[in-house]
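Protein chains in written order, with my numbering: chain V, 258 to 647; chain H, 3 to 508.
Note that CB positions come from ideal geometry on N, CA and C, so glycine has one too.
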Amino acid sequence: MSLFKEAKTLISENIRDYGMYIALFVIILTFSFMTDGLFMSSRNISNLLDSAGYIAVLAVGMTLVIVIRHIDLSVGYVAGFLGAIAAILLTQAGVSIYITIPIILILGIVVGLLNGFLVAQIGIPSFVATLAGWLVFRGALLQVTEKTGTIIIQDDRFNAIGNGYIPSILQFNGLHLLSLLVGLVGILFYIYGEISTRRNKIKYDFEVVSKGIFILKLVFVSAIIAYLTWILAGYNGFSWTVMIILLVVIVYHFLTTKTVLGRHVFAVGSNPEAAHLSGINVKKITYMVFGSMGMLAALSGILFTARLQSATTTAGTLFELDAVAAAYVGGVSAAGGVGKVTGAIIGAIVMASLSNGMNLLGVGISYQYIIRGGVLALAVIFDVMTRKKR
Amino acid sequence: MSEYILEMKQISKNFSGVKALSDVNFKVEKGEIHCLIGENGAGKSTLMKVLSGVYPYGSYEGDILYEGNVQQFNKISDSVKTGIVIIYQELALFPDLTVYENIFAGNEVKNGGIVDWNKTIAEAKKMLNKVKLDVNPDTLIKDLGVGKRQLVEIAKALSKDVKLLILDEPTAALNEDDSENLLELLRELKNQGITCIMISHKLKEVISIADKATVLRDGQTICTLDAAKGEINESNIIKNMVGRAIEDIYPKREKQAFGGKILELYNWSAYDPQLGRQVVKNVDLHVKKGEIVGIAGLMGSGRTELALSIFGNAKSYKVEGDLVIAGISKMLKHPSDAINAGIAYVTEDRKGDGLFLYQDIKSNISAANLKGISSNGLINDNEEIKIADHYKKSLTIKASSLEQLVGNLSGGNQQKVSLGKWLFVGPKLLILDEPTRGIDVGAKFEIYTVMNELIKQGMSIIMISSELGEVLGMSDRVYVMAQGEIKGELSIEEANQENIMQLATQ
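Structural data, given as structure tokens:
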């Protein structure tokens, strides 16, 4: 089979997986063209990724919640509230940042487990249980910020989480050296992983793609990582926000695709009764998924508060719906059991790119909402149409 | 009586290049009961969908002559208008609505756009009388058993002035009693001049009721058998269905000596808090190593509930009594406990609570034993493919690849995936709940062969079944259940259809 033909069948068979990447590529290309390259400038991309961060981490958690056929509407105000608590701890209580962050993350887990308790133990529909949480935490946020109004944070280390960049060590031809190293390590790690997977498959005598396609894929993905690294290195390098997103993606991608726990999550989402009869503890999985959602909501709160360098009375408003939208654009299926962590991140970046690009073009906010709504609808239509195949 | 109400001529239908039907001819005389038989995937359902307009005119080749005229149905309502009504295997009733609302759903008794409920109820009563169903029209569908729901479906068809009634495996989910009632009703309808096409996998039914029987195989008409000429008998039908003669539906196995008791139940009871009643009562039972124990009984006799209560009390009943596995008394609180104790349960409802339909074959097979393909919580993907491939081959699962979604497989292959999933657990005791429901003769034979192979290897099997033939053909010993109790224990030598039915209907 010719290389081209093989590539063609591979793409048509995996259109569901690649669809999102293609969509993102088209969006990037369109905006780059329409803004004369401004969209792909180092500064803009760096900005875009930082502004997508707090929704991206929520989208990862939300994807898993939707995979197990639930929803969590409380996350927006949980993020806002915990961000405010972080601000209070740092400013009024004078707690160190190294203690504040773990406390906030643990509080997030506790809130998530509480949602899990209402859903798994009591059996309240998650929509209602977390809607109650939405109200409660909205009130809680107002309560803690009522007297002071906006709480300004002066801790530079905390604010760096949302605005700072990893140290550069050395400037190299005006490029950010440590960022280049991070990119290089990423590429090496990717190539090593792919090659060892392939070797393993060959060892088991399984079918693998032809060598040509394999090398083409390695070169293609490496080039994309290299290009992104180069762009970011041209400005201030990798931001802490980007590093945190990468960490979350790597950890969650690994958990969902390589571990027994991940399999259990998808089994529960695919058919809860069958999962139960397969010996899987459905309640435990529900607790864990909501717990992880709570933790990521706390992380989102930290990212957002650090980015604004302050806690406000309206922080977190509508985050939950942005996260749900990003998850659906990222290919999670409303019927449960299907979804990817990498998809959630891409979904969040797609939505952020749309806002960013349209802002650069000066598109009015009214049209922005309409266009983003259209993209969301298209993504779900695509999902429904490709789901039955295979 | 030689007037044809329906003639389907040279019907062909393609699905993306694959021929589902090729030049099928199918003729039905007015007032007869005509059975349509064939293995799964033979094209029976496709043919009926062509007839009822699910596949609109133009999407198939050939002609449909109904009452002498060529028909061009574009949608189901077109065929309903002419008096063709189809009742699917998965009933299309609304469980939370009443019987009368269901009977007239989509066909409301209107008076200037407003539903006349009084007239609706009166009409519903008439229809219920016709099908001899003695329930209050106010009853909710979910409060009725499967057998009665089937009758409501027929009442619904009658309310549409049906001339040609098509039933797709109407008795698949029914017990022998309800099945017999239904067949009786069909004979009655026939006397009233209603023509009936019935798709069925149960040969005994076909033999008892059919005037004619058309056999389809691989999308082609093989033959039409005539009862009047004595052509409808078991061996004749099977020969035409599979294209080869199966001497015996149940593969022979050599008598083997049984080992020690693998499972014992003493005074075992289960109370269902949701239903608010005792579903299993004072059951004493045992299974020996290498034995197939059949559990016979009618639907709702507590067989599935018994299995679920053994299988780690999967439905959280209040359980009392002793459960002893290989001589050791155990408390199983979750299906995972049961799996660890060496018990596997293949559910009767493979689509509902057995399989992950939107996952592929390999993930389904590994789902109950991820430990077997992982270390330290990390999955070894390659090991998984190897295991799945092993079961695909040994159980002859027909699929394009291990990545095929289970939801796209035929019933027989789904059942094999379900079986493979539980065999991979490596159980000592395998509980099979209706192992061959809704699957064709060929796949049945393969599953029976696998069962024989398993007990030869020292596994024990509890087989719950509504098909008496299967119970008698496969079991070494039979328990009969009714009202949650064991009403009798029969050795295979003394068991026969009569004494089982007698115990089951006590």
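Classify valine 283 of chain V as helix, strand or coil using the three-state DSSP reduction. Note: valine 283 of chain V maps to helix in three-state DSSP.
One or two residues paired with histidine 288 of chain H in a DSSP bridge: Answer by DSSP bridge pairing, in chain order: H/Glu266.
Compute the Euclidean distance between the alpha carbons of phenylalanine 260 of chain H and serine 420 of chain H, then round it to the nearest angstrom. The alpha-carbon atoms of phenylalanine 260 of chain H and serine 420 of chain H are separated by roughly 27 Å.
Residues that arginine 219 of chain H bridges to, as DSSP identifies them: DSSP, once it has assigned bridges, lists H/Gln222 as partnering arginine 219 of chain H.
From arginine 647 of chain V to glycine 115 of chain H, what distance separates their C-alpha atoms? Caution is warranted here: a pLDDT of 49 is assigned to arginine 647 of chain V, below 50, making its placement in the model unreliable, and the coordinate value is therefore given only provisionally. The alpha-carbon atoms of arginine 647 of chain V and glycine 115 of chain H are separated by roughly 45 Å.
Report buried or exposed for methionine 50 of chain H, applying the criterion of at least 16 other Cβ atoms within 10 angstroms of its Cβ. Classification of methionine 50 of chain H: buried, given that the 10 Å Cβ count is 16 or more.
N- and C-terminal bounds of the beta strand (DSSP E) containing isoleucine 168 of chain H: Run containing isoleucine 168 of chain H: 166 to 170, per the beta strand (DSSP E) assignment.
Which value, in whole angstroms, describes the spacing of the CA atoms of leucine 512 of chain V and phenylalanine 358 of chain H? Leucine 512 of chain V and phenylalanine 358 of chain H: Cα-Cα distance of roughly 20 Å.
Going by other Cβ atoms of all chains shown within 10 Å of its Cβ, with 16 needed for buried, is isoleucine 648 of chain V buried or exposed? Examination of residue 648 of chain V is not possible in this model, given that chain V is present from 258 through 647 alone.
For threonine 507 of chain H, name the three-state secondary structure that DSSP assigns. Coil.
For glutamine 12 of chain H, the first and last residue of its enclosing beta strand (DSSP E): Here the beta strand (DSSP E) through glutamine 12 of chain H covers 6 to 17.
Can you check DSSP and say which residues form a bridge with isoleucine 116 of chain H? In the DSSP output, where bridge partners are listed per residue, isoleucine 116 of chain H has H/Asn113.
Within the 7 Å Cβ cut-off, does serine 376 of chain H reach chain V? So, interface residue.
In terms of residues, what are the limits of the beta strand (DSSP E) holding valine 482 of chain H? Element bounds for valine 482 of chain H: 479 to 484.
Which runs of the beta strand (DSSP E), 3 residues or longer, sit entirely within the segment 461 to 531 of chain V? If you keep only unbroken beta strand (DSSP E) runs of at least 3 residues inside the segment 461 to 531 of chain V, you get nothing at all.
I want to see whether chain H comes within less than 7 Å of valine 466 of chain V, judged by CB atoms only; does it? It does not: the Cβ of valine 466 of chain V has no partner Cβ on chain H nearer than 7 Å.
Below 8 Å, can you find three or more Cβ-Cβ pairs linking the segment 334 to 343 of chain H to the segment 448 to 456 of chain H? No: fewer than three Cβ pairs fall under 8 Å.
Measure the alpha-carbon distance for isoleucine 481 of chain V versus glycine 619 of chain V and round it to whole angstroms. Approximately 28 Å, taken between the alpha carbons.
Along chain H, in chain order, which residues have C-beta atoms closer than 7 Å to that of lysine 458 of chain V? Going along chain H in sequence order, the residues near lysine 458 of chain V (Cβ under 7 Å) are Asn384.
Test: alanine 369 of chain H CB closer than 7 Å to a CB of chain V: At a cut-off of 7 Å, the C-beta of alanine 369 of chain H has a neighbouring C-beta in chain V.
In three-state DSSP terms, what is arginine 395 of chain V? In the structure shown, arginine 395 of chain V falls within a helical segment according to DSSP collapsed to helix, strand and coil.
What residues from the segment 10 to 27 of chain H come within 9 Å of chain V, judged by C-beta to C-beta, listed N to C? Hits within the stretch: zero.
If we define contact as Cβ-Cβ less than 7 Å, is serine 549 of chain V a contact residue for chain H? By this cut-off, serine 549 of chain V is not an interface position.
So which residues on chain H does asparagine 538 of chain V lean against when the C-beta distance must stay under 8 Å? By Cβ distance, chain H contributes His336, Ser338.
Is it the case that the segment 593 to 605 of chain V contacts the segment 289 to 308 of chain V, given that we only count it when at least three CB pairs across the two stretches are under 8 Å? Segments in contact, no.
Count Cβ pairs between the segment 326 to 339 of chain V and the segment 383 to 403 of chain V that sit closer than 8 Å; are there 3 or more? Under the 8 Å Cβ criterion, the segment 326 to 339 of chain V counts as touching the segment 383 to 403 of chain V, having at least three qualifying pairs.
Own chain partners of serine 567 of chain V with C-beta closer than 8 Å, once the 5 adjacent residues on each side are dropped: Correct list, in chain order: Ala344, Thr407, Ile408, Ile409, Ile410.
Count the other CB atoms within 10 Å of the CB of glycine 195 of chain H; is the residue buried (16 or more) or exposed (fewer)? With fewer than 16 other CB atoms across the displayed protein chains lying within 10 angstroms of its CB, glycine 195 of chain H is exposed.
Verify the CB distance criterion: does phenylalanine 358 of chain H have a CB-CB separation below 7 Å to chain V? Yes, because at least one Cβ of chain V sits closer than 7 Å to the Cβ of phenylalanine 358 of chain H.
Can you name the residues of chain H whose CB is closer than 9 Å to the CB of leucine 518 of chain V? Counting only Cβ-Cβ distances below 9 Å, leucine 518 of chain V has contacts in chain H at Gly379, in chain order.
Does the CB of tyrosine 461 of chain V have a neighbour CB from chain H at under 7 Å? Closer than 7 Å to some Cβ of chain H, the Cβ of tyrosine 461 of chain V qualifies, so yes.
Taking only beta-carbon positions, decide if glycine 594 of chain V is within less than 7 Å of chain B. The structure shown contains no chain B; its protein chains are V and H.
Does any residue of chain V bring its CB to less than 7 Å from the CB of methionine 3 of chain H? Caution is warranted here: a pLDDT of 43 is assigned to methionine 3 of chain H, below 50, making its placement in the model unreliable, and no coordinate value can be reported.
Looking at chain V, which residues of the segment 314 to 331 of chain H have a Cβ within less than 8 Å of any of its Cβ atoms? If you check each beta-carbon in the segment 314 to 331 of chain H against every beta-carbon of chain V, the ones closer than 8 Å belong to Gly314, Ala316.
Considering only DSSP beta bridges, list what isoleucine 464 of chain H is partnered with. DSSP output for isoleucine 464 of chain H lists H/Val295, H/Ile433 as bridge partner(s).
Of all Cβ atoms in chain H, is any one closer than 7 Å to the Cβ of alanine 531 of chain V? Judged by the 7 Å Cβ criterion, alanine 531 of chain V is in contact with chain H.
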